[in-house]
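First comes the structure, then the notes that go with it.
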Amino acid sequence: MLVQVSDMIFLVEFYVLDMKDKLSSKGPTLILGKSFFKIAKTKINLHVGTLSMEFVVNKVEYTIFEAMKHAIENHSIFYLDF
55 MLVQVSDMIF LVEFYVLDMK DKLSSKGPTL ILGKSFFKIA KTKINLHVGT
105 LSMEFVVNKV EYTIFEAMKH AIENHSIFYL DF
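Start counting the sequence shown at 55; every next residue gets the next number (the working numbering).
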C-alpha cells in the first residue's frame, strides 16, 4: 500500500480499512508507527520544534508547535495488533 505525505509517496505494510471522524472537519487523525518513520527518515527536533521526513531527494518539514495550535480535542486512540 502507498501512503502520501505532502508530495512524497511511501510503501507501507498496513491497511486503513475505514476511518470516519465525525468530530473533526479536517478528517481523521492517523498515528503512524516507528517502521514508517524509519522508512521516511523522520527526524524530530524538539528544541527547534520541527518534524522532517525525506525520501530519496524529496524532503518535507513541519513546524510542530504551529501544528499543535490547530490540534483537535478528540483523544480517541485505536490500536490494532496482528
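Backbone N, C-alpha and C fix where the C-beta goes; we use that ideal spot for every residue, glycine too.
Measuring alpha carbon to alpha carbon, tell me which residue in 91, 118, 114 is nearest residue 99.
The option with the nearest alpha carbon to residue 99 is 118.
Any idea what DSSP makes of residue 95, helix, strand or coil?
In this structure, residue 95 counts as coil in the three-state DSSP scheme.
Report the rounded CA-to-CA distance for residue 63 versus residue 101, giving the unit in angstroms.
Taking the straight line from one Cα to the other gives about 28 Å.
Who are the Cβ neighbours of residue 95 in its own chain at under 6 Å, not counting the five residues just before and after it?
So the qualifying residues of the chain are 108.
Can you give me the Cβ contacts of residue 112 inside the same chain, cut-off strictly under 6 Å, excluding the 5 residues immediately before and after it?
Answer for residue 112: 62, listed in chain order.
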